[in-house]
Each structure stands twice: as structure tokens, then as C-alpha cells.
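Enquirer:
Protein chains: 2
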Amino acid sequence: MQISSKFTIGVHLLAVIDYLGEDEKVTSSVLAGSIGVNPVIVRNVMGNLKEAGLISISQGRSGISLTKTPKQITFYDVYKAVDSVNDDGLFRFHENPNPECPIGRNIHKAMDSKLERVQKRMEDEMKQITLADVMTDIQSELKKN
Amino acid sequence: MQISSKFTIGVHLLAVIDYLGEDEKVTSSVLAGSIGVNPVIVRNVMGNLKEAGLISISQGRSGISLTKTPKQITFYDVYKAVDSVNDDGLFRFHENPNPECPIGRNIHKAMDSKLERVQKRMEDEMKQITLADVMTDIQSELKKN
DNA sequence: CCCGCCTGTAATATACCACATTACAGGCAA
DNA sequence: TTGCCTGTAATGTGGTATATTACAGGCGGG
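The structure is reproduced here in C-alpha cells:
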């Protein structure tokens, strides 16, 4: 399994807005062109990011802009905004452990907190990485050429 | 998205073997009964765990046993054994970023190492949790009743 | 030594989810 | 008010997780 590409699409989208948001008109079609996916997918992700308060969108002939600085936007923010993981958690649990078996009856109690701990570790790491870090790396790549 | 339940099935399976492996004959049907899934699924997971050297299986009227102590078996071992995540990594990346766009051309270079870092954090945490920890919690639950 | 239980595995079915695509109603700016 | 753009519904499609049936092959016990 893998975490949906909506997450990387979201980060890509924010990077493009930051990169040319001031100068050029950014639309879902422009973004879709850079990302390489269907504009409708982009609009959905845009909607998620708007709800999360990361970008503002005005309709008509307007444009899209960040509502925070790249340094204030973390991977975790995007990850949460696009609903990367199910409410049930990162790990799917088999649904019908046998309550008449001593193990089956207690496996959930024994594992749930441990799995949450693992997921939390991952999410904490995502809070450490910002859009600014991505922009820095892109800029230094661009200077090479 | 979620990580396949093969992982929790694997842990459950090992717990049952540890719990009644010495006394009673453990077969894929017995395990399937406790876990609540089809015996074929159990056999597949059993195969994965055998390949990974976590259990030994003898055919005929035999049984299944752990090849290590519960303390030596970590969540990470099971997670790797059952191929919980794709070779491409935990995060799916949109496949066609536009090489003619400055962002599209460099987004992979800018993000890949960061995503690997996140994944590694999660996996490192899984290395800290063992089957023994699970058995301890199950035993203490059993004492309550 | 042979029988029966069990594993290994292929083939197939099904349900669900991610992503693509078309279509169109509604809003905002020029 | 006009034209582009967003928001969103409806539908299609391929991939994947799990279930299920079926059967060949191996090993232990009688």
C-alpha cells in the first residue's frame, strides 16, 4: 500500500504557487500542467488546502496565493489537509478476531496503542519538514543549470 | 490508504503460536479461527514469516513454532516479512511531473530524501516494539478476568 | 509403507479505492 | 454582462486487498 499521491500533489502545488504566484496567474490548469494530472484532481486538492487555511482562492480572473509563509507550512499540514490516512489509522486491522480466543479477545487492546505510537512518530517527523525546505532544494538545483 | 492487515494478521498469528504453541497443535485453520480470516490468507502470511526466518513449519501432522524468542521479534521484522509497503516507498508520487516546468523538473530531487526520512522514522519506531511487549499486555488483560 | 492431514499455490471472484474524465452550474473580475 | 475559472457531481477504469475453491505434494503416525 501507499499513501495517496494527493499528498505529493499538494506539496507540488504549493511549491508552484510560491514560485510564480506573485508574477503569473496561477490556475488549476496551469498547476495540472506542471504536476501532470487532471485539473479536477488539482481543484479537489486545492479545496482541501483552502479548507485547511493554507491557501486562498478567488474565483473569476483572479489567482491563488499562500496564506502563510513557506516556513510556516509543514508536510504534516498538507498531509492532514488532504486526508492522507484513514480515520481508522495508518494500519488496517483485521476486522473479526475471535472473541472466544484469549488472543483474539485481547489483540486489539494489546496492539492499538503501539500502532498509534508508530503513526505518531511518523507524523511528528512530518511536522519538522516545511515547504521552505523544499523551495531551498529546488532553488539550489536550479542554480546548478 | 492503510497498511495491509497482513501485518496485524502476522502479529496475531505469532502471538497465538507463542501462547499455545507448546501444548496444542497449531494449524492454519486454528489460526484462521482465532484471527477471523480465510485459512489461505493465513498460509500466505505463514509463508512470508517462514521466509523471513521467524517461524518454522513442518508439514504433515506437525506444527508451527517460533524460531526466536518473543523478545527478539520486532514489529519491523513482521512488517518487512509481509511486504507491508511497496518498493517505491510509503508515499506514492504523482508519476508525470512536467520536465519543462522548473518545479516539475526538480520536485522529485527536492522531496525524495525527505519522504525517506519520514518513512525511516516510522520504521525505526517499529524496531522498538516486540512480540514480547504484545504478550505482556495480553497476559495482563487476561489476569483482569 | 501407506494413509490422512496439512501446507503451498494457482485460479478466480468480488469489493473497494485512487485517479481520470466529462459535464455543467455558479461566482468573480474586467 | 461576459468570459474564465472554481466547485462538484456523475461515471469510467484499472489496480489491489481479501475471500474462496481446488488440488498437488509432503510429512508424520499408525
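Taken in sequence, the protein lines are chains Z and U. Taking my numbering, the leading residue of the first sequence gets 1097, the next gets one more, and so forth. Taking my numbering, the leading residue of the second sequence gets 1097, the next gets one more, and so forth. We put the beta carbon where it would ideally sit given N, CA and C, even for glycine.
So for U:THR1232, helix, strand or coil by DSSP?
Expert: Residue state, collapsed to three classes: helix.
Enquirer: Alpha carbon to alpha carbon, what distance is there between U:ASN1202 and U:ILE1099?
Expert: Near 29 Å, if we compare the C-alpha coordinates of U:ASN1202 and U:ILE1099.
Enquirer: When the distance is taken between beta carbons, is U:VAL1133 closer than 7 Å to U:VAL1178?
Expert: Not in contact: U:VAL1178 and U:VAL1133 (Cβ atoms no closer than 7 Å).
Enquirer: What is the DSSP secondary structure of U:ILE1266, counted as helix, strand or coil?
Expert: Outside the shown range of chain U, which is 1097 to 1241, sits residue 1266 of chain U, and nothing can be said about it.
Enquirer: Figure out for me which residue from U:LYS1240, U:GLN1224, U:SER1101 and U:GLU1191 has the closest Cα to the Cα of U:PRO1166.
Expert: Per the Cα distances, U:GLN1224.
Enquirer: Taking the alpha-carbon positions, what's the Z:ARG1217 to U:ILE1169 distance?
Expert: Their backbone Cα atoms lie some 20 Å apart in a straight line.
Enquirer: Within 7 Å (strictly less), CB to CB, does Z:MET1218 reach chain U?
Expert: True, the Cβ-Cβ gap to chain U drops below 7 Å.
Enquirer: Please report the residue range of the alpha helix (DSSP H) in which Z:LEU1162 lies.
Expert: From DSSP, Z:LEU1162 is part of no alpha helix (DSSP H) but of the beta strand (DSSP E) over 1160-1162.
Enquirer: Report yes or no: is there a C-beta of chain Z within less than 7 Å of the C-beta of U:ALA1111?
Expert: Yes, because at least one Cβ of chain Z sits closer than 7 Å to the Cβ of U:ALA1111.
Enquirer: Compare the C-beta of U:MET1212 against all C-beta atoms of chain Z and say whether one is closer than 7 Å.
Expert: Reading off the sequence, residue 1212 of chain U comes out as Glu, not Met. Answer no: the Cβ-Cβ gap between U:GLU1212 and chain Z never drops below 7 Å.
Enquirer: List the residues of chain Z whose Cβ lies closer than 9 Å to the Cβ of U:ASP1184, in chain order.
Expert: Near U:ASP1184 (Cβ distances below 9 Å), the residues of chain Z are GLN1098.
Enquirer: Can you list, in chain order, the residues of the stretch 1121-1154 of chain Z whose Cβ is nearer than 7 Å to any Cβ on chain U?
Expert: So the close ones are GLY1129, SER1130, ILE1131, GLY1132 and VAL1133.
Enquirer: Among the candidates U:ASP1184, U:ASP1229, U:CYS1197 and U:THR1226, whose CA atom is the shortest distance from the CA of U:LEU1211?
Expert: Of the listed residues, the one whose Cα sits closest to U:LEU1211 is U:ASP1184.
Enquirer: Are the C-beta of Z:ALA1177 and some C-beta of chain U separated by less than 7 Å?
Expert: By this cut-off, Z:ALA1177 is not an interface position.
Enquirer: At least one CB of chain Z closer than 7 Å to the CB of U:GLY1159: is that the case?
Expert: Not an interface residue.
Enquirer: Is Z:VAL1136 buried or exposed, if buried means 16 or more other CB atoms sit within 10 Å of its CB?
Expert: The residue is exposed, with fewer than 16 neighbouring Cβ atoms inside 10 Å.
Enquirer: Please compile the residues from chain U whose C-beta is within a distance smaller than 9 Å of the C-beta of Z:LEU1238.
Expert: Those are PRO1198, ARG1201 and ASN1202, listed as they occur along chain U.
Enquirer: Based on the DSSP secondary-structure assignment, which residues constitute the bridge partners of U:ILE1151?
Expert: According to DSSP, U:ILE1151 bridges with U:LEU1162.
Enquirer: Please list the partners that U:ASP1233 has in chain Z, where partner means a Cβ-to-Cβ separation under 9 Å.
Expert: Ordered by position in chain Z, the residues that pass the 9 Å Cβ test against U:ASP1233 are ASN1202, LYS1205, ALA1206, MET1207, SER1209 and LYS1210.
Enquirer: Got a sec, what are the start and stop residues for the alpha helix (DSSP H) U:VAL1181 sits in?
Expert: Careful: U:VAL1181 lies outside any alpha helix (DSSP H) and carries neither H nor E.
Enquirer: I'd like the list of long-range same chain contacts for U:ALA1128, defined as Cβ closer than 8 Å, with 5 residues on each side in sequence excluded.
Expert: Contacts found: ASN1134, PRO1135, ILE1137 and VAL1138.
Enquirer: Between which residues of its own chain and U:SER1124 is the CB-CB distance below 7 Å, once the five residues before and five after are set aside?
Expert: Excluding residues within five positions, the ones whose Cβ falls inside 7 Å are PRO1135, VAL1138, ARG1139 and MET1142.
Enquirer: Give me, in chain order, the residues of the same chain whose beta-carbon lies closer than 6 Å to that of Z:ILE1131; leave out the 5 immediate sequence neighbours on both sides.
Expert: Here the set comprises ILE1105 and HIS1108.
Enquirer: Tell whether a beta-carbon distance below 7 Å holds between U:GLU1196 and Z:VAL1214.
Expert: Against a cut-off of 7 Å, the Cβ pair of Z:VAL1214 and U:GLU1196 comes out as no contact.
Enquirer: Pick helix, strand or coil for U:THR1170, following the three-state DSSP scheme.
Expert: It is a strand residue.
Enquirer: CA-CA distance, U:MET1207 and Z:VAL1230?
Expert: So the alpha carbons of these two residues sit roughly 7 Å apart.
Enquirer: CB-CB under 8 Å to Z:GLY1117, same chain, minus the five flanking residues each way: which ones, in chain order?
Expert: Result list for Z:GLY1117: GLY1159, ILE1160, SER1161 and LEU1162, in chain order.
Enquirer: Does the distance from the C-beta atom of Z:ILE1199 to that of U:VAL1112 stay below 7 Å?
Expert: Yes.
Enquirer: I'd like the ranges of any alpha helix (DSSP H) spanning at least 4 consecutive residues and lying wholly in the stretch 1114-1146 of chain U.
Expert: Within the stretch 1114-1146 of chain U, the complete alpha helix (DSSP H) runs of at least 4 residues are 1124-1131.
Enquirer: How about U:HIS1190 and Z:SER1154: are their beta carbons less than 7 Å apart?
Expert: It is not a contact, given that the beta carbons lie outside the stated cut-off.
Enquirer: Output, in chain order, the set of chain U residues within a Cβ distance shorter than 9 Å of Z:ILE1169.
Expert: Those do not exist, as Z:ILE1169 stays about 14 Å from chain U at its closest Cβ, beyond 9 Å.
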